[in-house]
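First to last, the sequence lines map onto chains A and B. No gaps in the numbering here: position 62 of the first sequence is 633 in this note's numbering, and each next residue is one more. No gaps in the numbering here: position 165 of the second sequence is 202 in this note's numbering, and each next residue is one more. All residues carry an ideal CB built from backbone N, CA and C; glycine is no exception. For clarity, every value in this text was computed on a predicted model and none was experimentally measured.
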Amino acid sequence: MFIVIVGCGRVGSELAAGLYRKGHQVTIIDHVGSSFEHLPPDYRGRTIEAEVLSEDVLKNAGVEQAGGLAAVTNSDPVNAVVGHVARSIYGVPNVVVRNYDPRWKPLFEAFGLDMVSSTAWGASRIEELLERPAAAGGR
Amino acid sequence: MFVVVAGGGRTGAQLARYLLEQRHEVQVIEHRKDVLAHLHRELPTEAIYEGNATDARVLQGAGIERAHVLTACTAEDAENLSLCFVARERYKVPRTIACINNPRNAWLFDDKFRVDVALNQSDILAKLIEQEMSLGDMMTLLKLRKGRFSLVGEKIPAGARAVGVALKDLPLPKNSVIAAIIRGGEIVIPRGPLAFAADDEVLAIVDADGAAELARLFGPGGS
Numbered sequence: 572m573f574i575v576i577v578g579c580g581r582v583g584s585e586l587a588a589g590l591y592r593k594g595h596q597v598t599i600i601d602h603v604g605s606s607f608e609h610l611p612p613d614y615r616g617r618t619i620e621a622e623v624l625s626e627d628v629l630k631n632a633g634v635e636q637a638g639g640l641a642a643v644t645n646s647d648p649v650n651a652v653v654g655h656v657a658r659s660i661y662g663v664p665n666v667v668v669r670n671y672d673p674r675w676k677p678l679f680e681a682f683g684l685d686m687v688s689s690t691a692w693g694a695s696r697i698e699e700l701l702e703r704p705a706a707a708g709g710r
Numbered sequence: 038m039f040v041v042v043a044g045g046g047r048t049g050a051q052l053a054r055y056l057l058e059q060r061h062e063v064q065v066i067e068h069r070k071d072v073l074a075h076l077h078r079e080l081p082t083e084a085i086y087e088g089n090a091t092d093a094r095v096l097q098g099a100g101i102e103r104a105h106v107l108t109a110c111t112a113e114d115a116e117n118l119s120l121c122f123v124a125r126e127r128y129k130v131p132r133t134i135a136c137i138n139n140p141r142n143a144w145l146f147d148d149k150f151r152v153d154v155a156l157n158q159s160d161i162l163a164k165l166i167e168q169e170m171s172l173g174d175m176m177t178l179l180k181l182r183k184g185r186f187s188l189v190g191e192k193i194p195a196g197a198r199a200v201g202v203a204l205k206d207l208p209l210p211k212n213s214v215i216a217a218i219i220r221g222g223e224i225v226i227p228r229g230p231l232a233f234a235a236d237d238e239v240l241a242i243v244d245a246d247g248a249a250e251l252a253r254l255f256g257p258g259g260s
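This is the structure in structure tokens:
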């Protein structure tokens, strides 16, 4: 599958590397060129240094042909806007966005986007492990 | 009208002050401490709502559900877009207005994000500056329709092309109309046979192209 990832921080680079190793075609976009240093040396997918909200950046990245897009920058508004544009304008069938600040959750819901709230999820999982250490599976 | 203004920076604060003067009800939402300190010096406390506009509870607390207009003028384009979308889709706000910070993002500010009116400040400013550069001594008195039309005024110098020419014979630009002539302190209604004289003050409504042509007719040199 061809997948576009927006944001090459810790989450984005990890995701790009993982998908690439599984044999997917990956393009990752970030507006700071040095962010691509997060990528492991064996990543051979495409990298694009650009402001993702500028006209034609997503289009030139080939988003219209993409089977999936992940918006995982550390800015909730940017993730929401990119996700909405990818789905409603470019018709990307599978769009997932990262929710960074839990306060933004209702706004993502208004857009109807699939989101992963890593902060909230991480906190509640840690809480669970602290309260019931016996329930901690998978260590 | 009840207007919710998201972002109390320069644009937001100025807008709020103006709306309050016009006796509208206003809530300016702002969370940055330094900006708030400044806001409190400019606006009455009851017009300020402390909190982050992207927080649903804050939006509701400020009264978004009964707002007639949402104006999104935060410093981040993606935030302004999201706010307009949420205001319409979730809170049924009838009118949304957003400021564009980066002109390269302008293509997003339309129905894609439920933006009714987009204000591209750098674009408006750039066009105004370009117009002013070409107008010589002609003065812009008023901008209409976001700067597309202007009310301009010029005192005709001796030697201008229009001096001694009747209004009906003057090759006026297409999108222009002479609104009034001030002669010797009196308003003269412009009619076809009336000939222009030096020291007449001409008031006209023109579009951007018309302004430059008008400046050539009424400006000095008359070439």
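Identify which residue in the options has its Cα closest to the Cα of residue i.
i                      : options                       : result
residue 42 of chain B  : B:65, B:56 and B:51           : B:65
residue 678 of chain A : A:695, A:696 and A:650        : A:650
residue 647 of chain A : A:621, A:572, A:574 and A:578 : A:578
residue 625 of chain A : A:669, A:585, A:652 and A:693 : A:652
residue 662 of chain A : A:612, A:701, A:621 and A:630 : A:630
residue 163 of chain B : B:145, B:174, B:184 and B:150 : B:184
residue 257 of chain B : B:177, B:235 and B:93         : B:235
residue 692 of chain A : A:672, A:637 and A:598        : A:672
residue 150 of chain B : B:122, B:133 and B:176        : B:122
residue 590 of chain A : A:703, A:580, A:576 and A:622 : A:576
residue 601 of chain A : A:588, A:681, A:592 and A:584 : A:584
Since residue i sits in a beta bridge, which residues does DSSP pair it with?
i                      : result
residue 190 of chain B : B:176 and B:240
residue 48 of chain B  : Its beta-bridge partners do not exist; DSSP assigns none.
residue 618 of chain A : A:599
Within 8 angstroms of any Cβ in chain B, is that where the Cβ of residue i sits?
i                      : result
residue 622 of chain A : yes
residue 669 of chain A : no
residue 681 of chain A : yes
residue 595 of chain A : no
residue 674 of chain A : yes
Can a CB atom of chain A be found closer than 8 angstroms to the CB of residue i?
i                      : result
residue 126 of chain B : yes
residue 89 of chain B  : yes
residue 178 of chain B : no
residue 72 of chain B  : no
residue 211 of chain B : no
residue 192 of chain B : no
residue 118 of chain B : yes
residue 129 of chain B : no
residue 122 of chain B : yes
residue 183 of chain B : no
residue 80 of chain B  : no
residue 145 of chain B : yes
Can you name the residues of chain B whose CB is closer than 8 angstroms to the CB of residue i?
i                      : result
residue 557 of chain A : Any answer about residue 557 of chain A is impossible in this case: the structure gives chain A only from 572 up to 710.
residue 573 of chain A : In chain order: nothing, as chain B lies at least about 23 angstroms away.
Just the chain A side, please: which residues come within less than 9 angstroms of residue i by C-beta, in chain order?
i                      : result
residue 115 of chain B : 624, 646, 647, 648, 649, 650, 651, 652 and 653
Output, in chain order, the set of chain A residues within a Cβ distance shorter than 8 angstroms of residue i.
i                      : result
residue 159 of chain B : Correct list: empty, because the minimum Cβ distance to chain A is about 14 angstroms.
residue 149 of chain B : 655, 656, 659 and 660
Could you give the residue range of the beta strand (DSSP E) that holds residue i?
i                      : result
residue 202 of chain B : No beta strand (DSSP E) contains residue 202 of chain B, which DSSP labels as neither H nor E.
residue 86 of chain B  : 85 to 87
residue 639 of chain A : 639 to 642
residue 62 of chain B  : 62 to 67
residue 150 of chain B : Taken as a continuous stretch (DSSP letters only), residue 150 of chain B belongs to no beta strand (DSSP E), as it is neither H nor E.
residue 220 of chain B : 213 to 220
residue 109 of chain B : 106 to 109
Counting only Cβ pairs nearer than 7 angstroms, list the residues of chain B close to residue i.
i                      : result
residue 677 of chain A : 93
For residue i, go through chain A and note every residue whose CB falls closer than 7 angstroms to its CB, in chain order.
i                      : result
residue 142 of chain B : 624 and 625
Between which two residues does the alpha helix (DSSP H) carrying residue i extend?
i                      : result
residue 223 of chain B : Here residue 223 of chain B belongs to no alpha helix (DSSP H); instead the beta strand (DSSP E) covers 223 to 225.
residue 697 of chain A : 689 to 702
residue 584 of chain A : 581 to 592
residue 652 of chain A : 647 to 659
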